[in-house]
Structure formats: C-alpha cells, structure tokens
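6 protein chains.
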Amino acid sequence: MVRKKKKDFVNFGVIGLGMGRGHLEGYLRAPNAKVIGIADINEDRLKDCKEHYGIEKAFKDYKELLALKEIDAVSVAVPNYLHKPITIDALNAGKHVMVEKPMALNAKEGQEMLDSAKKNGLKLMLHFNNRYRGDVQVIKRYVDAGDLVIYTLSKTGWIRRRGVPGAGSWFCDKALSGGGPLIDLGVHVIDMTMYMMGSPKPVSVMGSTVQGFPEYTKHGKFDVEDFASAYIRFSNGATMAVEVSWAMNCQTEKQYSEIFGTKAGASLSPLIIWAEKDGNLIDIEPRNPKGLSQFQHFAECILEDKTPISSGEDGVLMMKILDAIYASAEKGKEIAIK
Amino acid sequence: MVRKKKKDFVNFGVIGLGMGRGHLEGYLRAPNAKVIGIADINEDRLKDCKEHYGIEKAFKDYKELLALKEIDAVSVAVPNYLHKPITIDALNAGKHVMVEKPMALNAKEGQEMLDSAKKNGLKLMLHFNNRYRGDVQVIKRYVDAGDLVIYTLSKTGWIRRRGVPGAGSWFCDKALSGGGPLIDLGVHVIDMTMYMMGSPKPVSVMGSTVQGFPEYTKHGKFDVEDFASAYIRFSNGATMAVEVSWAMNCQTEKQYSEIFGTKAGASLSPLIIWAEKDGNLIDIEPRNPKGLSQFQHFAECILEDKTPISSGEDGVLMMKILDAIYASAEKGKEIAIK
Amino acid sequence: MVRKKKKDFVNFGVIGLGMGRGHLEGYLRAPNAKVIGIADINEDRLKDCKEHYGIEKAFKDYKELLALKEIDAVSVAVPNYLHKPITIDALNAGKHVMVEKPMALNAKEGQEMLDSAKKNGLKLMLHFNNRYRGDVQVIKRYVDAGDLVIYTLSKTGWIRRRGVPGAGSWFCDKALSGGGPLIDLGVHVIDMTMYMMGSPKPVSVMGSTVQGFPEYTKHGKFDVEDFASAYIRFSNGATMAVEVSWAMNCQTEKQYSEIFGTKAGASLSPLIIWAEKDGNLIDIEPRNPKGLSQFQHFAECILEDKTPISSGEDGVLMMKILDAIYASAEKGKEIAIK
Amino acid sequence: MVRKKKKDFVNFGVIGLGMGRGHLEGYLRAPNAKVIGIADINEDRLKDCKEHYGIEKAFKDYKELLALKEIDAVSVAVPNYLHKPITIDALNAGKHVMVEKPMALNAKEGQEMLDSAKKNGLKLMLHFNNRYRGDVQVIKRYVDAGDLVIYTLSKTGWIRRRGVPGAGSWFCDKALSGGGPLIDLGVHVIDMTMYMMGSPKPVSVMGSTVQGFPEYTKHGKFDVEDFASAYIRFSNGATMAVEVSWAMNCQTEKQYSEIFGTKAGASLSPLIIWAEKDGNLIDIEPRNPKGLSQFQHFAECILEDKTPISSGEDGVLMMKILDAIYASAEKGKEIAIK
Amino acid sequence: MVRKKKKDFVNFGVIGLGMGRGHLEGYLRAPNAKVIGIADINEDRLKDCKEHYGIEKAFKDYKELLALKEIDAVSVAVPNYLHKPITIDALNAGKHVMVEKPMALNAKEGQEMLDSAKKNGLKLMLHFNNRYRGDVQVIKRYVDAGDLVIYTLSKTGWIRRRGVPGAGSWFCDKALSGGGPLIDLGVHVIDMTMYMMGSPKPVSVMGSTVQGFPEYTKHGKFDVEDFASAYIRFSNGATMAVEVSWAMNCQTEKQYSEIFGTKAGASLSPLIIWAEKDGNLIDIEPRNPKGLSQFQHFAECILEDKTPISSGEDGVLMMKILDAIYASAEKGKEIAIK
Amino acid sequence: MVRKKKKDFVNFGVIGLGMGRGHLEGYLRAPNAKVIGIADINEDRLKDCKEHYGIEKAFKDYKELLALKEIDAVSVAVPNYLHKPITIDALNAGKHVMVEKPMALNAKEGQEMLDSAKKNGLKLMLHFNNRYRGDVQVIKRYVDAGDLVIYTLSKTGWIRRRGVPGAGSWFCDKALSGGGPLIDLGVHVIDMTMYMMGSPKPVSVMGSTVQGFPEYTKHGKFDVEDFASAYIRFSNGATMAVEVSWAMNCQTEKQYSEIFGTKAGASLSPLIIWAEKDGNLIDIEPRNPKGLSQFQHFAECILEDKTPISSGEDGVLMMKILDAIYASAEKGKEIAIK
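Residue numbers (this note's numbering), protein chains in the order written: chain A, 1 to 338; chain B, 339 to 676; chain C, 677 to 1014; chain D, 1015 to 1352; chain E, 1353 to 1690; chain F, 1691 to 2028.
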C-alpha cells in the first residue's frame, strides 16, 4: 500500500503511550504527519493523552486502532516481548511500522517481523533515535566524505553507577525484555557507533555479563545482567569494545563513543574530531549541530518510497549481535555472526 | 648460589645503561644493595656512568662482568631480542637476574629463560615497575582484603596521539622488538591491571592491530603496529578491554586502568575507590600513597629466598597473552592461552 | 495519652503556617501521619493552606485546634516568644509537641516546657532539622562506630555578608526573638555539630556579640547583634569555635562544620571524611547520602514510645549554651554552664 | 652604643646558621647592612656558609663573635631554649639583638631579655617576619587609615594534616622548645593578625591542646601538643579564634587570617578587602603588594634610633598570650593576661 | 505645559507595544507614574496588553491617544522610521516624549525632533537604557569624583557570531531602520561608553562596514551591514575603538566596554576598576550594584523640570556619530563631526 | 657576493649581543649556518658569549667584524638609532643583513637602508620573528588557501599594566628609540596581523598616543608615549584596530590578534579558527603547530637567492605605518600612507 506521490502527509497511529509519548509528540511536530489514533492498555494514560493532545480516537485494544482504514502507519512502543506480535499484526493490517528498540527479544523474532514487512510490501523502521542526533550526523558526514576517515578501532559505553529500572518491572524479567542493560542501553550505543563507522559487517563477538548485586533480586523477578562488556570484530578488521551497566561500581553515569581512523578520529560527548591538516594536529569542535526528526523522516520514506536511515535490516543485525554477545557470555567463547 | 642469611646486602651488576640507568640508580638508593660493575657496548655511555656514579668496574663486553665472582645478581636492560641470550648467560654464570619488560620476543623464549633459572636454582625477576607504584599497591591491598572486592570487568589503556619511538630505532623492527605499542606499552598496563585484579588466569583473547600511518615507514624499517586493541577473558569470568597506541587519532596521551567489582570498583589516574557503606555510595581517594622499591625488593628476595612480586612465571604468562593477541589479530579469531 | 501499639498512624495539628508550612508538608508526606487541623492568626495564610492542601479544620485561634479530641500531637511553629505559652497549652491539652528552634527565649522558659511535658507524660521534640540531614547522619554513624573517631576540636559557622531578616520584623526585637543571628542561625550549627561529635557535655563558654551596622536600626526596633563569635569547652576536653552573622564584612554566605578527631576528621559542605588506612591518608566522599524525615520520626516516637533524636532535653541544653554566650558577651568573661 | 647618625650602615653578626641562614642572606641584600661574622656549633654548616657567602670570621663559640668590637648588632637564630642566654650575653656585650620567634620559652624569660635590653640601652627586635609581608602591610595600612576599619572579630589558623618537625628533634621536647605547633606556628599567625587589627590589648584567653597521635612519641621525646585551639578576648571587645596543628585529620595545609570590622573586612590568603562604597558592596584585591625587608628595617632602627615594627615588648606580650593558652588548656578555664 | 510642582505623578501613554512593552511595565512599576492609555497598529498585541495590564484606553491609531487631555507624556517605541513623525505629532499635541533608540534614521531627523521639543517647551528624553544600569552608574560615579580618573583611550563592542534579527523584518531594510548592527547595537555601546567617560566631545570618525553573508539577502530585503568597526576621536585627545556585528565569524556573543585612564581604568562585563593605592596595584570589584529606573527618572524630570540623564541633545549627537561612521565607510576617509 | 648554489651553508656574524644573543643561538641551531664572529661594545657581554658559545673571533668594534672576508652575512641587533648606520656599513662591506625590529627610527631611514641593499645586490631581512611562529603560520596557510577566508576586519594589541623598560634606558629616549610601546610592541602585532591577513595595502591611519604616568619621567629622559591606540584602513576596505601599552590601567598583560573574514575568522592566543561546515558552526583548534626558524630561513634565502618572508620592503612599509600613526596622534587627523 505504497503512498501515491500526490499525497503530502501520512496518517499515523501510536501503540503504547509509556515510551510512545515521545513518538506521539514527534509526529505532531512533523509537518508531513498527522496523528489519527492512539492505543494503550493503561486507561489512565490513554485518557490523559487523548485530552492533553486532543486525539479523537483512543483505544484500549490496539486491534481496534489497526482496523482504522485511514491510518497508513503506526509506531509500536510497548514492552519488548510484544514487539513481534503487534508489529506483525500491524503489517498484516497493511500499516507501515516504526518499532521501538530493541527490535524484539532475539534475532529470530526480528527476522520474522522483517519477513512479514517484505511479504506485505511495507516499510519497517527501527526507532534508533541516536542515529538522528546532530552530533552523530556530523561524524557520519565526515565518514561519508570517504577520503577523510577510515575507522579501524572504536569503543563505546553507557554505564550507570546505580540506575536499574524500577524493581519488579518487565525490564528485569528476561522473558519479557530479552535481557538487561546490554539489550536496553547497549542497543543504542552499539548501533550509533556502527552507524558512524559506516556500517561495517560484524563477524564475531566475545562478551561477558555479570549479575553482581543480589539486592536487586529481592523486589521481584530479576534474571538479567547488571553489567556487561563485549568486543566485536568486523569484516574490515575494525573492532569495537563495549561496556554497559545499570549498576556497577564506577563513576556516576557516562555515555560515550570514540572511533579511531587512519586519517582522523572522532568522539561524541564531547563532540570532537581529531585530525591533521598541513602536518599540524587539529581539533575540530562543531557547535550546536542540528539533528534530524526521525518521525518526519519516516513519513518521507513512506511518501517517497525510500529506505529508512534505520531499517528493519539494521534492527535484525543488531539483534544478531546482541544474541551473539549473550551466547558468548554463556558459553565462554567467541561466537560468529551469520 | 643462594645468599646465606648472615649476609645483609647483595652485590649487583647492571647490563645495558640506556634503560638500565634507572636500575643503576635504583640499586644505589637501596640500603641492601651494592653496585659492583656495569656493562654497555656504547662506550660513551659506559664512561659517563662510570664517572658520574663512581663505579669502578665497567666493561664493553657483558661477559667480563658476568665473570666477576663477587657479583651475586644482574639487571638485564637491553633491546628485547637480547633479553634471552644475556639472561641465560647470566643464569649460567650463577647470577640472579632482573630482566626488563617485555621478558622476551615471545613466550617460547621466556619459557627457556625460566627453565634456565629453575635449573640453576636462581631468582628470575621481571621489571614490572608499575606493580610497585603506591596507587597500584593501594588497590591491590583492597583486593587482598578479600571480602571487599571481587573484580569482574576491567579496562585499561595507554594511548598516544603521536608518540612513536625514534624512527629507525630497534623499537620499530619486529625482529628486534617483538612488536610495537602492544609489546612496549601494553605489557605495562595489562600486567598491572591483572595484578590489581588478584592475578586471575587468562583463558583466551581476541585482538586487532593496525598499521595506519604510512609515513612512519619512510625513515627505516617499521613492520610493527601503530595501534591495537584486545579483549581478554579470564577463567573466573572476568574480562579486560585493552587499547594501546604509539600513534592514533585521539586525545593527546592517556594511561588508565579501571576495574569493576561487585563490592567496589577502582580507578588509577585518578586514584579512586568507588564503594558503598551503610547504604550510601562513597568515593575514597587515597592521598600520596607510598610505593615500594623493586630494587630493594629484589635484594630482599635474594637474601631471604622469597619469590619476587613480579616473577619469571608472571613474565612468561604475559608473553603468552601478547603472543595470543598478535595471533588473534593475524588470524581474525579467538586464541586460547594454554 | 500514649498511643496504643495497634494504631499505626498519628493525627497531627499544625500551629503557625509561616514557618510551619514545611511541617504541614512534612506530615503529609509521612506514611504514619495524618493532618487533622491547622491554626494561624493570619487569615489569608490560613485560607490559602486550607484550600491548597485540602485541610478541613482551620482555626484562627489555636485553642480551638487544641480542643479537638482526635488530634494526638501538634507542631508549634510561631515566633520565638510564643513557643513557651502555646507549647504548655498544648501539653496541658494532652498533645505531644514538636516545637520550632530555638526552643524558647531562654533556658528557664525551656525548662518549664520540659517540666510540663514530663508532668503530662508526653513527648516534646525539638525541630532541629539539621540532625536529620543525610550528610549529618553519615558523620554521626562514623562517630557512633566508636573505635573510628574521637572528636577533640571542632569549628562551625553560618555567616552572611548582608542577610538581615526584614527590617521591623519580630526577628530584630530581642523581647520577641531572644536574640539575633546567634539564636537564629547559631542554634542550628552548634546543635548539629555537637550532635555529630556524639553530644559531649558543655562546661563553659566565652563569647562576643557586635552591633556593627547602625543603618539597620533605622527601620524599626533592632536591639539584637549583627554578628557574634563564641568558644565552647566540653567536659571531655573538646572545644568548638563558632561564628555567626546576619551582616558582616565577609564573603557572601557560608555554612560549615568541621570536626577533628584523633582517628579521623570530618567536614560538612563539602562532605568529606579525612582518615588514614594502612598508613595511607585517604579522603572519603559519600555521594548523595539519604536523610531521615523528622516528621515520620516524630510519629514513630509517639507510636513506639521512643525518645526523639532531638529531644526536649537537647532543646534546653542548647538554650543554656545560648544564654551563656550572651552572658559572656555582656560580662566579658567565661560563663559556666550548669 | 647607639650608632651615630653619620654612619650609614650597621655591622652584623649572625648566631645560628640553621634558621639563621635566612638572616644572613637578608643582611647581605640590605643596602645599609654589612655582615662581619657568623657563629654555629655545627662545624659543617659553619664552613659551608663561610665559603658560600665569603664571610671571613666564623666561630664555633658565639662568645668569640660577641667579642668582636666592630660588630654592632647580632641575629640570634638558635633553638628556643637558647634564646634567653645568648640574647642576654649579646646585649651585655653591647650588641643590638634581633631574636627569632618565639622570643623565649615563656614570658618570664622574655621579660628578662627585655629588661636587659633596656638596661643596656640597646634595641631588641623580634623576628616576626609576617609583619613585613606585602599583604599584611596592605591591610595594616587600611586599618591605620582609621576611619576605614574598626576590627571586632577575627580568626586565624595554620593547620597541617601531617607536618611534624623531624622526630626526635628539639622541636618536640617541651624543655627545649617551650611547646608544639602553638608556639611554633601559632606565634606567627596570632602576632600578624593582632598586628593587622591595630594591636588591641589582650585581656584573657581560653584554649585547648591535644596530643592525638601516639605514633609520634615512638621516635624520641615528644611531650608537646599535636594540635590546639584558642579564643582570645581583647579589651576593646574584639575576639580571635585560633587553630594550629602539626598533625590533625583535616585538609592538607592551610594558613589564613580573616578580620571582620564594622566598615570593612579583610582576608589574607587570598588577599581581599570586603568593603562598601556609595551603598554598593565592593571587593578590593591588591595585586602583588610589596613587602618590607625586616633586616634593612632593623639596621634603620639602629641608625636612626627608632622602635622596630616588631619590638621586644611585642615579643613579651606574645609570650604572655602563649603562656596563658597553655595554662588555660591545662586548668580548663579562662586565664587572664596581666 | 510644564507640570506644576504640587502634582506628584505623571500620566503616561505608550505608543508601540512590541519594544514598548518594557516601557509599559517600567511606568507601572514607577511610584510617580500612571499609565492612562496605549496604542499599537497590531490589534492582537493591543488587546493582549489591554487585558493583561488592565489598561482601559487602547487605540489602534496613536492620534486618538495623543488627543487625550489627561496624558502628560508618551513613550514612542516603534520602528525607527516612525520615530520622527510620531514624536513630532506628540510634541505638537503637548506631550513630553521618551523615544526609543536610535533617535531617528539620521541626525537631520533627530535635530527636527529636538527643535520641535524646544519650540513646544517640552522634555524629549532618549531611551538609552544602559546609562541607568548599576554597573555603568558605578563607573560614572568614579569618573564624576574627578580627581580619580581622566579617561584617554577606550574600546567597546557588541558582537554576535550569528544573531541577525528575523529575515525580512524592518530591521534589515535601511529605509526603515537607518542601518544594521551599527545603528541597532552600536548606538547602545557607543553611548554608554561615552557617558561613562564623562561625555567628551567627538571630533571625527573613521569606519568600515561589511556585508559578508550573502545568504541573508535571500529571505527579503537586506541592504544593511552584517558587521562594522569604527574609531572615534574626541576633542580631549581620547579615542574609542568600536566593533559590532549581527553576524561575524567570531566567538559566540560578547558585549564589553573598557576605558583606560591615567589614574585608573574600568571594565564592564566583568565589572572591575583597575587602580593603584599607596603604590600597590588594586582591582576593585563592586558586587551587585544597584541601577536606576529610567521611567521613574523621566517622571521626575517632568515633575521637577530637570534635564534627563539621556537627553534629546545626547540623541542628536549619537545620530551625528552614526551618520559620520556610515559616511566614512562609504567614502573611505575620516569624517568630521560638526 | 651572492653565494653560489654549491655551497650549503652561510657564514654569519652577529653585531650586538644584548638582544642579539637570541640571533647567535638561532644561527648555532640552524643546520645551514655557521657563526664566525661576534661584536659588542660591552666587553663583559662579549667575553661571556665568546667563552660560553666558543666563538673565536670577538670584537669590540663591529667594523673589525665586517672586515672579515669569510663572513657572508650579519645580524644587526643594537639600539634602534644604530640600525641604519651599522646596516649600511655592513651592506657596503658586502654582507647580507638581518636587522632587528623596528627597522629604523623612521621610514626615511628605512628606505635608505633598503636602497643600499638593492644597490649592493644583497639581502636585507627584517627580524619579524612572530611571522615564523607556528600559530601565525597556521592561520597564514588558511588565508593562502584563498577560497577559505577573505579578511575584512581585524584587531590586535599588546598591553601591559606596568611593564616599562628599565627607567633611564635608551628605550625611553625618542631620539634613540624612535618611540615607545607603539614602535616597540606595536611593530610586532601590527606586522604579524597584516601578514596573516595576506598583506593588504595600508591606505591611511588615525592614532592617539598618551603620556599618562608622570612618575616614569623622574628617572631619566622619558619623552615617549606610555600607551597608544590606532585604526588602520587598507585598500581592500579592511581595517585594523590597534592598542599597545607599556603602562596602562588595564588587566595584567595581554597579547592578541583577531581577524574576521566572510568565510571564517581566526584568533591567536588562544589559537582558534571560527568557521562553518555543512551548515554547522565549527571551531578548529590546531594543536602545537610547528614554527619555522627564521635563521635557517635567512640562510636559505641567501643560498637559494629567495626573497625573505620578512623583507626589507616589509620593514619600510611598517615604518611608514608607525610614522603615520605618530603624525596622526600629533596632528589629530587622518594621515595617508604613500
């Protein structure tokens, strides 16, 4: 159901208003998007959004939302274990889908979602919001200039001293979330770093996960890791060292990404390009770089039949990496990514 | 030729006065050491040290030094490829040996040196000077207190933006040095981090080395890496991420080591212990911790027949790790450490 | 009228809604407290609180509040000269009382209040809020560990360059306030420092008060000091140097407390423990220590018949110290505390 | 033996070359002073100074120095217990004297020295070097302008976390030194603060001394305090809070002096005047104020028959204050200064 | 129509509610001013102010406002090209006028306005708000003290990296605005610096203006400069260097003014007086200096028949300077100010 | 006596060893230069340099130096009034000359020197050392890239709060020096800023000089300015604001240069390029840029017959600018540069 070019906006629905509130606001700000309806099983949240944003159609059951003909596309922003079933329902109902990260509980589920999108001839976009940040785009642009930077080593991390999501929440139950900080935070930093490096092909990983804080297990089910590290090898010889934590005995909180190339290096947080010009070392500091709206971008991809910057394929690949890190941590050996 | 207990000092010789000048001064400051003689093929250096420190016996040929009966032990501080032959000559001449890091060009050489020391019933100590630093000792003591910290993840690095040893020097010729920044700088930071972690047993590694600056190859032989990364897995599940460079597009220079445990974490540079007490997070900052003299320690080990803090076994293990990282970088896969 | 154990909350009234608004909010947040009624002679304030917090019973005359049978306890948060009469009325009406600091205009008044509490068999708690701060509790816990710190010297202060309470207010009229910054600010910092030191027994004081800014006397009655200093000696040989000001020619504003012991020292603002471990000096910096709710604590003391952390006895002792400092300043000599 | 006005320089001798080396260099730099001879019982030190500064006359026995007719004045820079006997010998030999601080072991000794100076009609100057500092002079000048600042409160201190003079030295033996950090460091900061305040008359003191570090007593005689505090009252109602330590659990090292007046306040370290002008608060920061040479000043006082900025009377008064603080610490009560 | 002394407040009208909203609020806060009516051609703005501030009389046509007999004075806060006609209408209607800066499009217009004020015997005040700032007044007071500072050199600027007023606005059309950042920002900084210098008489100028950013011309008419510099010479030999920009490749934004005299110098942003006292260099930093209300001042000038701190003559002189800088930039030579 | 190409070094002499000591050391470090002889009328200085640097030929009379046939070129580093006569003597003796800045007392003298160089067919190089600084070269290179930056405004300064050369020195006597800080410091900063701007042609100047500190005139002849400002207009419309001082009431010391172009701007101290890339503002900070050796450069110019980076023509032009500023300050009007 590809949009005809003469239409100049897309009608959206949003499923899940916890995390999805950001999606809702994103579509409302985008000049080429309209929000037709919303859905959430939490009735308070549903009522609150309906009134606050003036959305007419609000459903407890997302299937009623999917039944609306005028809706072209939906955002799926629900707990991880529901990503697959709702996304496939939406695709089968003829809607393009933007799904929250991580794509699913594992790569197998992700692949099924992608297959469904292809079968239905619809867009499946991943909500990898960091790719759209101004600083990430600046570095990506340096890389795309090609003759400037060929990245060979990288490291990234998102660590918190104490920052476990609410005890007893679905985040801490592996059956519902797929994992802990690796799948929650790692998905962000690994994806954005690979993206900036020009999306090299991952070949294999080694990883380690730790459950180090018994006290967290007292408040409900908690069978995911507290912190983890990994090392990823790419087909072009590049590598990436990764560390993530919800709780670790370290400094308060830090998110970073550094990539080192043969012509230049780059760092996010702070944003800096380490380079050389005329034989002198120079540091380049972009000031207030402008980001993109992923919501406007999604609408454009639908209207102009383009592949999203963060595609379903990117989502599946990320799940393969995460699956492999968990497997490596469990088996204590390198795991290849096929 | 183990010292009898009644003697209260050890007679030393120093072979190699480039790097070895520090050894010479170290022994001169130690209350339980005397310096009897020195040797260096560079005659200017030899004459300069002889006069400056008032050492009577100075030889161009180290074998003349080894022939002196009154010498109990020697330091071997020469280019890497000479570590093995001179150390074995010294051991066969009945001298205890302290050898500069890295122990040798590879683990096989290191093992031969260790075998010789055992056969001759003599001490073989590694010059892992960082183990003796005050800040490293402080963290080591926290670990040894046992109930305080069990380390599970770690990361360490020594990176320089532009800091390649003099073009055309033996450092850049793999046949003479064994490798580049990994063997030159990595040996320091990997060893001291493992030491602080309580010396867990390494099981396997993944690694990557890069030659990214063609200009360095213009001034003479340069067949070693410019920068490298690695990931080490230990038998207790702990891991270590490593990065080293002589030249990389990154910030100016940085040496660091961070280890994260389930009861506390620790960082060198700056020195800080991240811990928890009575339910409150606390940061502990030791002020001006006192280090040890490795030269005095070596003399003590000889006089009291003790195993050095940095033993020949430690040296061989480190060579196995470095060999494995180079092999992993070459073959593009995990390499087990036997 | 001690609460029976089966009851699990306490019914409160609040008298005085200027400073007492904090009390009102404190009780509303406490899980073991309910607020039944409020009283204030200022009708605007009364109406505003009644509506904003949804309190049904609101009286201009506090005696009507005291007549409510269902009220177990009251907060008295009125100008200093009213502390005694209202507290005694409340105690005689069978209510437990939390009274704002300073307890009264002087120790004699304070003693009468305490006698009344004892006679009526009721709790009398002082609103020494600093005792409940997270940083103060952290240091107190170090002291209570006993073998760690025995404090011997201390200093504390709360100084402002220009920060006199509104000209013409009751704060500046000694008959209504009991004194200036010494009784207003000094009561806080002296009490919290003594509390952290393990509540040593004060023996004697020397003090000095200054009226240095004639311009403040132009806007109404102003017969209290602008700034003051004191020195307190304790029976265990410890001492405390104190400085306070509403107006003094000094840096902008500073509140501090430092205590020096033979095993460790401690500072608030910034929070730091100066200690020694294994022969190395260490600085310990607790991060975001959690405080206690004094309102919840007061309810607990009533429900479980415990002595408050800040008792009526503490309040009387503080008044004796303040009386002695004013006497010393006036007579120019050491004054003993009986 | 007062100098006649026509002479334009003074001939000096220096007794004691440990601390006195500074005196020697001070006189050598002063345009109105000549150094004729030196004396020290330590022969190495004597020989070293003789050669290094080219002083012809050097004696092991200070009496030989005093016997030199051409010498007009001497500096006495020896351990505290020798101040009195050598100063009186020098005065009796007709020499003006500059004596190191503290003047003597106690006020009684100081008074005898002063009496001897008066009897002999000679200058007795105290080496209170801080009075001559540029920053101290700046503040003193503001005070002397009179209508600007009337000081009423002050505080001063010199504290060290660990800074005890060498174990086993005369500093730690009360019979030789008169006391610990109070007499060693306190003499400096109390004197310079009083001097800046316009030399008010001290009336009484309270004080406390602590011996808190048993380990220091292991290396020889150590019967002095490790740290101390005091509170001084002046006849004009002003007060001074004092703290000093050689060893205390506090921040590393700090020397400060703050005085608060009704028209302005002043701080040393950093140097700042807190004032008001035209109704606006202003901070005044003098840049690199120039100090005076006390050695040139002493020569001037002799040549022009003036009273030194730091006179023998100042020295005796300081001893009375120190005696009183020690007495107050011992007896646990206020001690008057007569 | 000079006010009689017995009246103690002035009735105001405000014309133009974009920039004039600040005038409106200024009069409302002034104790000697009342606001009777407002006028603006933008009806939304008019309605909004009428309701928000409770002003009864609100007109789209300013002439209706001028027809109100009870109004004594008006503020004219409209685009630059309307300053002259509306001001002259108001003066002819018998109203005192405060006019926004710059006074007019050029000095000729300004002079006509001033002539009209004189002819009508009414006050004409310029809205040079910076003259009334606390920091400017502090420096002015130092200058007026006379013996303190005689200024000889100065420099001032207001530069922005990217800060052009909205594309297509009247600011960018020279026929409506009179010029770009020189007339918009330069008028502020030149006036306040001259004011602080004691209003020396300008003799001639050199200047340069640049249109460097072609992209700004794409959004509508843009025929003014992007940045400019100038150099002004005064009859007492003093000079002023000026730089202004709406867009320039420089640091983000900076406004400054520094004046250098023979006895002292002064800087705004940060506020500091560089001086000398008793031979020592001192830096004086006033803290939070209090400013004046120009609206209260204007009412006072009317009630007490005084000349405003920022008079019509000041306005005309400023226009002459700006005219001369533009002429110098165009002709490439020095232009005299007559 | 132009060098033939086959020779690969130049023989130098240095005249004047006060400032010229830097020249001497510069030539000694240059691989293509040899120092044959030195000359100075101060015999101590001459002897000291002769011995310290091992220079054989040392003369009190520079004419003896010039008589040495083997010398190809000389540095003239003497007080300003001697620049012309010695330079012309040297040129007439067939030596190439590097002369210290400022070139001469005025442009007329400078022109005579240049004429002599041309007549003799020899190099005349100016010691404008700042042109050779690494940071200046970096900016120059950006300008030379042409399409990057077209500079239109600039400002530069070198100001000192109190930094007058020794009282009574030749620096303060206009007949010997040509002027004060304008000719001493201004020559540096004006030249380097013009150089970075691509050497635009100066058209006219306005300037002002001040003698503001009468105390400096007490120690000897002092008939030069203490501080000065100027404004220079170039033929391409660019301008430069200049300020210099030996003594001015300002911040301690500051040297700066900022140039603002339509594509980018640049600052020295700190070194930063303000630019724009892909619509984002970026700041570029070169790290440790490498400078050039002007002494090696001079030798190269001689050996390869090239025009120096800082030529005699540059020196004459600078003298014309300085002459014009002094004339403008005296006459109070714009002065054209011919």
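Cβ coordinates follow ideal geometry from the N, Cα and C atoms, glycine included.
Nearest to residue 10/A (by Cα), restricted to the options 16/A, 36/A, 22/A: Here residue 10/A refers to the residue found at position 10 when the first sequence is read from its first residue. Selected option, being the one with the closest Cα: 36/A.
So, does the region 1823 to 1836 of chain F touch the region 1882 to 1893 of chain F, judging by three or more C-beta pairs under 8 Å? yes
Can residue 969/C and residue 753/C be called in contact, C-beta distance under 8 Å? For the purposes of this step, residue 969/C is taken as the residue at position 293 of the third sequence. For the purposes of this step, residue 753/C is taken as the residue at position 77 of the third sequence. It is not a contact, given that the beta carbons lie outside the stated cut-off.
If you draw a straight line from the alpha carbon of residue 1194/D to that of residue 1116/D, how long is it in whole angstroms? One-based indexing of the fourth sequence puts residue 1194/D at position 180. One-based indexing of the fourth sequence puts residue 1116/D at position 102. Going from the Cα of residue 1194/D to the Cα of residue 1116/D covers about 11 Å.
So with CB distances below 9 Å, who are the chain B contacts of residue 274/A? As a working note, residue 274/A is residue 274 in the first sequence. Within chain B, the residues near residue 274/A are 499, 586, 587, 588, 589.
Applying the 10 Å Cβ sphere with the 16-neighbour rule, what's the burial state of residue 275/A? Locating residue 275/A in the first sequence gives position 275, where the first residue counts as 1. Residue 275/A comes out buried.
Under the three-state DSSP convention, the category residue 269/A falls into: By 1-based counting over the first sequence, the position of residue 269/A is 269. Here residue 269/A sits in coil by DSSP.
Cβ contact (3+ pairs, closer than 8 Å) linking the region 1336 to 1349 of chain D and the region 1134 to 1145 of chain D: no
Determine contact between the region 1241 to 1259 of chain D and the region 1216 to 1226 of chain D, defined as no fewer than three beta-carbon pairs at a distance below 8 Å. yes
Looking at residue 1595/E: is its Cβ nearer than 8 Å to the Cβ of residue 1511/E? Position 243 of the fifth sequence holds residue 1595/E. Position 159 of the fifth sequence holds residue 1511/E. Result yes, Cβ atoms of residue 1595/E and residue 1511/E sit closer than 8 Å.
Between residue 633/C and residue 943/C, is the Cβ-Cβ spacing less than 8 Å? Residue 633/C is absent from the model: chain C starts at 677 and stops at 1014.
Within chain C, partners of residue 1245/D - CB distance below 7 Å: What you label residue 1245/D is simply residue 231 of the fourth sequence in a count that begins at 1. Near residue 1245/D (Cβ distances below 7 Å), the residues of chain C are 882, 907, 917.
For the alpha helix (DSSP H) that residue 715/C lies in, which residues bound it at each end? In the third sequence, counting from the first residue as 1, residue 715/C sits at position 39. No alpha helix (DSSP H) contains residue 715/C, which is instead part of the beta strand (DSSP E) from 709 to 715.
Secondary structure at residue 1681/E, three-state DSSP: helix, strand or coil? Residue 1681/E sits at position 329 when you count from the first residue of the fifth sequence. In this structure, residue 1681/E counts as helix in the three-state DSSP scheme.
How about residue 560/B: is its C-beta nearer than 8 Å to some C-beta of chain A? As a first step, residue 560/B is located in the second sequence; it is residue number 222 there, counting from the start. Not one chain A Cβ lies under 8 Å of residue 560/B.
So, for residue 1523/E: in the same chain, excluding its five sequence neighbours on each side, which residues have a beta-carbon less than 7 Å away from its beta-carbon? Stepping through the fifth sequence from its first residue, residue 1523/E is reached at position 171. For residue 1523/E, where only same-chain residues beyond five positions count, the Cβ hits under 7 Å are 1517, 1529, 1536.
Given a cut-off of 8 Å on the beta-carbon distance, is the pair residue 192/A and residue 138/A in contact? Sequence index remark: in the first sequence, residue 192/A carries index 192 (1-based). Sequence index remark: in the first sequence, residue 138/A carries index 138 (1-based). No; because the gap between Cβ atoms is not below 8 Å, this pair is not in contact.
Would you mind telling me which residues of chain D sit closer than 7 Å to residue 646/C, beta carbon to beta carbon, in chain order? Because chain C here runs from 677 to 1014, residue 646/C falls outside it and cannot be looked at.
Among 240/A, 262/A, 223/A, whose alpha-carbon lies nearest the alpha-carbon of residue 552/B? Mapped onto the second sequence, residue 552/B falls at position 214. The candidate whose alpha carbon is nearest that of residue 552/B is 262/A.
Can you list, in chain order, the residues of its chain with a C-beta nearer than 7 Å to that of residue 628/B? Leave out the 5 residues immediately preceding and following it. Within the second sequence, the letter at position 290 stands for residue 628/B. Counting only Cβ-Cβ distances below 7 Å, and skipping sequence neighbours, we find 472.
Pull up the distance between the alpha-carbon of residue 1089/D and that of residue 1333/D, whole angstroms please. Position 75 of the fourth sequence, counted from the first residue, corresponds to residue 1089/D. Position 319 of the fourth sequence, counted from the first residue, corresponds to residue 1333/D. Approximately 19 Å between the Cα atoms of the pair.
Cross-chain neighbours of residue 281/B in chain A, by beta carbon under 9 Å: Because chain B in this structure spans residues 339 to 676, residue 281/B falls outside the shown range and cannot be described.
Report the start-end ranges of each alpha helix (DSSP H) in the region 344 to 369 of chain B that is 4 residues or longer and not cut off at the edges. 359 to 367
By a C-beta neighbour count over all protein chains shown, 10 Å radius and 16 as the cutoff for buried, is residue 356/B buried or exposed? Translated into the one-based positions of the second sequence, residue 356/B becomes position 18. So residue 356/B counts as exposed.
Identify the contact partners of residue 886/C in chain D, using a Cβ-Cβ distance below 8 Å as the criterion. On the third sequence, position 210 is the one that residue 886/C refers to. The answer, in chain order, is 1166, 1167, 1251, 1276.
Chain A contact residues for residue 1828/F, given Cβ-Cβ distances below 7 Å: Translated into positions along the sixth sequence, residue 1828/F becomes position 138. What residue 1828/F touches in chain A: 280.
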